[in-house]
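Below you'll find the structure, written out as structure tokens, and then a few comments.
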Amino acid sequence: MNTVSQSLRQAGLLALLSGLAPLPGGLAEPVRLRVENFLVMPSTGPVVNVQVKNLTTDPVRAVVRVSWPEGWRTAPAEQTVELAPHATAQGAFTLERALDVAANRYPVVVEARVGNTTVTRTQLVVCATAPYLRPQIDGALDDWQDAAPIAFAAAGRPTTVMTCWNRRQFCVAVRAEQGRPAAMQLALAAERGDVPGRYEFVVVPPEQNGPARCYLLLRPGADLALTKETRALAGLECGEVQAQVTRTGAATHYEVAVPLTLVPELRPTPGRPFRFSLLVHEAEGSGLRDLGAVMNLWEDQRHPQSWCRWQGAAFGATLPWDSHIEFGFSSSIH
Amino acid sequence: MKQVWIGILVSALTASLNLARAAEDPLVLRTAAATGENPTEAGRQAAKALQSALGDVAPQAVLVMDSFEDLANKQALLDGVASVFPRELLFGGSSYGGFTQAGVVDYDGVVLLGMGGTRVGLEVALAEQMGAAGLTLEQHEGALAAALGRAGERLARQLSRLEQGALLLLISDAHSPKNQFLLDGVQKVVGKRLPITGGSVNKNAGQNWVYFRGATYTDSAIALLLTGPFEVTQTGRQAKTNEEVIATARSGSAAALERAPAKPLAVLAFNCGGRKGKLERLADELEAIQGSVGKDLPLFGAYCAGEYGPADLAESQGDPTPCGRGWHVMFTVVGR
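Chains L and C supply the protein sequences, listed in that same order.
Numbering-wise, this note's numbering puts 360 at position 37 of the first sequence, and it's gapless, one number per residue.
Numbering-wise, this note's numbering puts 488 at position 284 of the second sequence, and it's gapless, one number per residue.
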């Protein structure tokens, strides 16, 4: 049995056992938990935050512990988090010794003790990092070997997302198995900007041979009411962004380079956090695949204003996940 | 107008006296920095400023830590520094920037540390082709540890005056956490009591260059052994958030200075590029250090991909044994 499935099986048992404990106030769980993504490679010893949300109308004290992959050394052993009613807070854990894995999925079990109740959650945490690379934006993804790919499947269709940065660009590559190319939409923001908000771009394949077309849907400071309008893309062209959409077998490759002059708030440097997410649209408006699906977000982290609507896109009945997901710039995955 | 001229005269006299005193000091450390789009010109400007700061003191070595991108620009930078100082005195490597008392250097810049003095001795060593390039911890941990350990031993065995060594500067293309493997090899030869500081060079793809006698090397490490009648005190502080980076810079530098001998001569700060990434305002860390050590002592800071010095871990209990770590700022106060 591999380590991932073993850990998940153990965690399932823990969760079952914790479910037998008496729960206060008629609530299924007094708190909920999320281990945030690693923002640089685990072997480099980052801090990892655990989010704890108080679901009750009373203040609570939660004692948080995490079971990390086998062989990792972390500190402290537990964190105590004091939470006002309905508040969310973080407990920070330092990875003192950890090992990177090529699959970029790390099984963790996080638990919080609140009084006599124990809440447990099992996650596969990804390293959501953009290392320094200088890929050619040509639709061939062979120069992304040193990225940290995040792989997931939506309705059985494999998808891989990679990000990187260099002194001039922030770059994104997506390999998506799909019948034919449709569009890729990405959201990008600084961790803390002078102006709140995000950049949002959509890349669509060319009608004929040639470069893909990129449209700028949103900028920081824009009125979020814009997100609700289903806008025509005409007039939103953003020629500064380099984009290619190509086909290799059954896969579509989306490759994009956003000049840093267009997103100056990002200021990439190793260790700096930023916010990112991505949607792959299916042809003929047959749905979405959402990077947020593997980010262990809470079910209420779906907001109508998280993504812009545009003509030709089908968002479906279920809102996509929040587009403001923690990522980090790093130097190298090696 | 009269007051201005008197002010200039007093400043000039003070500077002359300082330079005269510097020429007699057993160890003289001075810093300079420059930024600009033209690496040759930035190198030349920084070197001229360093030459001026050194006065009559002839440097035995100049440590060059730069944040220019790509080998051609790095070589142009070294050409610029070499237009002022002999090329064979230039050692160092790529960084993510750095700082001196004059300010912070981000991208496209260089920070220099000139080392000289009447009674300072210097030995240098290079370990080329360490055999670590392309190896990953995930797949080759054993091979990496062995290759870097051998390289560290090879480096240290070139130094003949270890008994008299007061400080070893180590610059390596072996970033955290691999830097500990290299240090293990060095310490097999030099033991664990010799104060060591330094850093790992920038690990951005294609930027991992080490400089030895003005030439560029990759998959290599260099060592500079300083000997002479001076002492060092060291502290290491780890942090991974904006507030902690600032606080540990303040407390770490203050602790190193507090334990320093009667006359501190300079402060070295080999710092983590990841810590720099956490800073919301780049100058905050430098200002915190200045709050502790003042603005007069020469201060050399370099943002690296791993640092050498005392680890700041729960189990270290203030142990000064040098380690190879990440996320640290390693302060060394040199004094006599």
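Note that beta-carbon positions come from the ideal geometry of N, C-alpha and C, so glycine has one too.
Legend entry - Whole-angstrom C-beta distance between GLY356 (chain C) and VAL405 (chain C), which should lie under 8 Å: As a first step, residue 405 (chain C) is located in the second sequence; it is residue number 201 there, counting from the start. As a first step, residue 356 (chain C) is located in the second sequence; it is residue number 152 there, counting from the start. No, VAL405 (chain C) and GLY356 (chain C) are not in contact; Cβ-Cβ is about 16 Å, not under 8 Å.
Legend entry - Uninterrupted beta strand (DSSP E) stretches inside the region 255-309 of chain C (no shorter than 3 residues): Assignment of beta strand (DSSP E) within the region 255-309 of chain C, counting only whole runs of 3 or more residues, yields 263-270, 294-298, 302-304, 307-309 in chain order.
Legend entry - Sub-7 Å separation of HIS532 (chain C) and GLY440 (chain C) beta-carbons: What you label residue 532 (chain C) is simply residue 328 of the second sequence in a count that begins at 1. What you label residue 440 (chain C) is simply residue 236 of the second sequence in a count that begins at 1. In this structure, the beta-carbon distance from HIS532 (chain C) to GLY440 (chain C) falls below 7 Å.
Inset, instruction - Hey, could you find the ends of the alpha helix (DSSP H) VAL424 (chain L) is sitting in? - result: By one-based count along the first sequence, residue 424 (chain L) stands at place 101. Where VAL424 (chain L) is concerned, there is no enclosing alpha helix (DSSP H), given that its DSSP letter is neither H nor E.
Inset, instruction - Could you tell me whether any Cβ in chain L is nearer than 7 Å to the Cβ of TRP531 (chain C)? - result: The count along the second sequence starts at 1 and reaches residue 531 (chain C) at position 327. Yes, its Cβ sits closer than 7 Å to a Cβ of chain L.
Inset, instruction - Closer than 6 Å by C-beta to ALA216 (chain C): which residues in its own chain qualify, once you throw out the five before and the five after it? Chain order, please. - result: Translated into the one-based positions of the second sequence, residue 216 (chain C) becomes position 12. Only weak support is given to the placement of ALA216 (chain C): the predicted model assigns it a pLDDT of 41, under 50, and the value that follows is read from those uncertain coordinates. Excluding sequence neighbours, ALA216 (chain C) sits near nothing in its chain.
Legend entry - ILE648 (chain L), DSSP secondary structure in three states: Working through the first sequence from its first residue, we reach residue 648 (chain L) at position 325. DSSP places ILE648 (chain L) within a strand segment (E or B) once states are collapsed to three.
Inset, instruction - Would you mind sorting ASP381 (chain L) into buried or exposed? The rule is 16 or more other CB atoms within 10 Å of its CB. - result: Residue 381 (chain L) sits at position 58 when you count from the first residue of the first sequence. Exposed, by the Cβ-count rule.
Inset, instruction - Return the bridge partner residues of ARG571 (chain L) from the DSSP annotation. - result: Here residue 571 (chain L) refers to the residue found at position 248 when the first sequence is read from its first residue. At residue 571 (chain L) the sequence reads Thr, which differs from the Arg that was named. Looking at the DSSP output, THR571 (chain L) sits in a beta bridge with L:ALA574.
Inset, instruction - Report all residues from its chain with a CB closer than 8 Å to the CB of ARG384 (chain L); omit the five preceding and five following residues, and keep chain order. - result: The residue given as residue 384 (chain L) occupies position 61 in the first sequence. Closer than 8 Å at Cβ, skipping near neighbours: THR403, VAL404, GLU405, LEU406, VAL437.
Legend entry - Cβ neighbours of ARG358 (chain C) in the same chain (closer than 6 Å, five flanking residues each side left out): On the second sequence, residue 358 (chain C) is found 154 positions in, with the first residue counted as 1. Closer than 6 Å at the Cβ level, and outside the excluded window around ARG358 (chain C), lie ALA331.
Inset, instruction - Kindly list, in the order they appear in chain C, the residues whose Cβ is closer than 8 Å to that of PHE652 (chain L). - result: Your numbering for residue 652 (chain L) matches position 329 in the first sequence. Taking a Cβ-Cβ cut-off of 8 Å, the neighbours of PHE652 (chain L) in chain C comprise GLY481, given in sequence order.
Legend entry - Chain-order list of residues whose beta-carbon lies under 7 Å from that of SER366 (chain L) (same chain, five-residue window excluded): Counting from 1 along the first sequence, the entry for residue 366 (chain L) is found at position 43. A distance below 7 Å between beta-carbons, with the five flanking residues on each side excluded, links SER366 (chain L) to the following residues of its chain, in chain order: ALA421, LEU422, ASP423.
Legend entry - Spatial distance of PRO345 (chain L) from ASP423 (chain C) (CA atoms): The count along the first sequence starts at 1 and reaches residue 345 (chain L) at position 22. The count along the second sequence starts at 1 and reaches residue 423 (chain C) at position 219. With a pLDDT of 45 at PRO345 (chain L), under the threshold of 50, the predicted position of this residue should be treated as unreliable, and no value is reported.
Inset, instruction - Grab me the residues of GLN459 (chain L)'s own chain with a C-beta within less than 8 Å of its C-beta, minus the 5 sequence neighbours each way, in chain order. - result: Numbered from its first residue, the first sequence carries residue 459 (chain L) at position 136. Exclusion of the five residues before and after GLN459 (chain L) leaves ASP466 as the residues of its chain whose Cβ lies within less than 8 Å of its Cβ.
Legend entry - Endpoints, the alpha helix (DSSP H) within which ARG479 (chain C) is located: The count along the second sequence starts at 1 and reaches residue 479 (chain C) at position 275. It spans 477-482 - the alpha helix (DSSP H) in which ARG479 (chain C) sits, taken as one unbroken run.
Inset, instruction - Tell me whether THR571 (chain L) is buried or exposed, calling it buried when 16 or more other Cβ atoms sit within 10 Å of its Cβ. - result: Within the first sequence, residue 571 (chain L) is the residue found at index 248, counting from 1. Exposed, by the Cβ-count rule.
Inset, instruction - Would you mind sorting VAL518 (chain L) into buried or exposed? The rule is 16 or more other CB atoms within 10 Å of its CB. - result: Against the first sequence, residue 518 (chain L) aligns to sequence position 195. Classification for VAL518 (chain L): exposed.
Legend entry - Under the three-state DSSP convention, the category VAL617 (chain L) falls into: Within the first sequence, numbered from 1, the residue matching residue 617 (chain L) stands at position 294. Correct three-state label for VAL617 (chain L): helix.
Inset, instruction - Check each candidate in L:ARG396, L:GLY635, L:ASN360 and name the one with the smallest Cα separation from ALA557 (chain L). - result: Numbered from 1 along the first sequence, position 234 holds the residue referred to as residue 557 (chain L). For the residues L:ARG396, L:GLY635, L:ASN360, the minimum Cα distance to ALA557 (chain L) belongs to L:GLY635.
Legend entry - Members of the region 421-435 of chain L that neighbour chain C once the beta carbon cut-off is set at 8 Å: Among the residues of the region 421-435 of chain L, those with a Cβ less than 8 Å away from any Cβ of chain C are LEU422, ASP423, VAL424, ALA425, in the order of the chain.
Inset, instruction - Between the Cα of ALA453 (chain L) and those of L:GLY462, L:THR486, L:VAL431, spot the shortest distance and give me the residue it belongs to. - result: Taking the first residue of the first sequence as 1, we reach residue 453 (chain L) at position 130. Closest option to ALA453 (chain L), Cα to Cα, is L:THR486.
Legend entry - Residue(s) in a DSSP beta bridge with SER380 (chain C): To locate residue 380 (chain C), count along the second sequence from 1; it is residue 176. SER380 (chain C) pairs with nothing; no bridge assigned.
Legend entry - At least 3 beta-carbon pairs within less than 8 Å: the region 490-502 of chain L vs the region 569-586 of chain L: Judged by Cβ distances under 8 Å, the region 490-502 of chain L makes contact with the region 569-586 of chain L, as three or more pairs qualify.
Inset, instruction - Starting from ASP469 (chain L), find everything on chain C with Cβ-Cβ shorter than 7 Å and list it in chain order. - result: As a first step, residue 469 (chain L) is located in the first sequence; it is residue number 146 there, counting from the start. Around ASP469 (chain L), the beta-carbon contacts reaching into chain C at under 7 Å are ALA409.
Legend entry - Residue-chain proximity (THR341 (chain C), chain L), Cβ-Cβ < 7 Å: Position 137 of the second sequence, counted from the start, is the residue given in the question as residue 341 (chain C). Thr is not the amino acid found at residue 341 (chain C); the sequence shown has Leu there. In terms of beta-carbon proximity, LEU341 (chain C) lines the interface with chain L, with at least one pair separated by less than 7 Å.
Legend entry - Interfacial residues, the region 367-391 of chain L to chain C, with Cβ spacing under 7 Å: Of all residues in the region 367-391 of chain L, THR367, GLY368, PRO369, VAL370 have a Cβ within less than 7 Å of some Cβ in chain C.
Legend entry - Within-7 Å CB hit, GLU273 (chain C) to chain L: Position 69 of the second sequence holds residue 273 (chain C). At least one CB atom of chain L sits nearer than 7 Å to the CB of GLU273 (chain C).
Inset, instruction - Out of L:PRO543, L:LEU602, L:ASN532, point me to the one whose CA is closest to GLN508 (chain L)'s CA. - result: By 1-based counting over the first sequence, the position of residue 508 (chain L) is 185. Closest option to GLN508 (chain L), Cα to Cα, is L:LEU602.
Legend entry - Cut-off 6 Å between Cβ atoms - residues of its own chain near ILE493 (chain C), not counting five sequence neighbours on either side: Mapped onto the second sequence, residue 493 (chain C) falls at position 289. Cβ neighbours of ILE493 (chain C) beyond the five flanking positions: ALA453, SER457.
Legend entry - Short CB-CB distance (under 7 Å) between LEU456 (chain L) and chain C: Reading the first sequence from its first residue, position 133 is the one you call residue 456 (chain L). The beta carbon of LEU456 (chain L) falls within 7 Å of a beta carbon belonging to chain C, placing the residue at that interface.
Inset, instruction - Using three-state DSSP, classify ASN406 (chain C) as helix, strand or coil. - result: Walking along the second sequence from the start, residue 406 (chain C) turns up at place 202. Three-state result, ASN406 (chain C): coil.
Inset, instruction - With a floor of 3 residues, list each beta strand (DSSP E) that falls wholly inside the region 511-572 of chain L, ordered by position along the chain. - result: DSSP runs (the beta strand (DSSP E)) wholly in the region 511-572 of chain L: 522-527, 536-541, 565-571.
Legend entry - 8 Å Cβ shell around PHE638 (chain L) - same chain, five flanking residues per side excluded: If you number the first sequence from 1, residue 638 (chain L) lands on position 315. So the qualifying residues of the chain are LEU611, TRP630, ARG632.
Inset, instruction - Flag this pair as yes or no: are the beta carbons of TYR507 (chain C) and LEU374 (chain C) separated by less than 7 Å? - result: The residue you call residue 507 (chain C) lines up with position 303 of the second sequence. The residue you call residue 374 (chain C) lines up with position 170 of the second sequence. Result no, Cβ atoms of TYR507 (chain C) and LEU374 (chain C) do not sit closer than 7 Å.
Inset, instruction - Report the residue from L:VAL370, L:PRO369, L:ARG595 whose alpha carbon sits nearest the alpha carbon of LEU483 (chain C). - result: Working through the second sequence from its first residue, we reach residue 483 (chain C) at position 279. Taking each of L:VAL370, L:PRO369, L:ARG595 in turn and checking the Cα distance to LEU483 (chain C), the smallest one comes out for L:ARG595.
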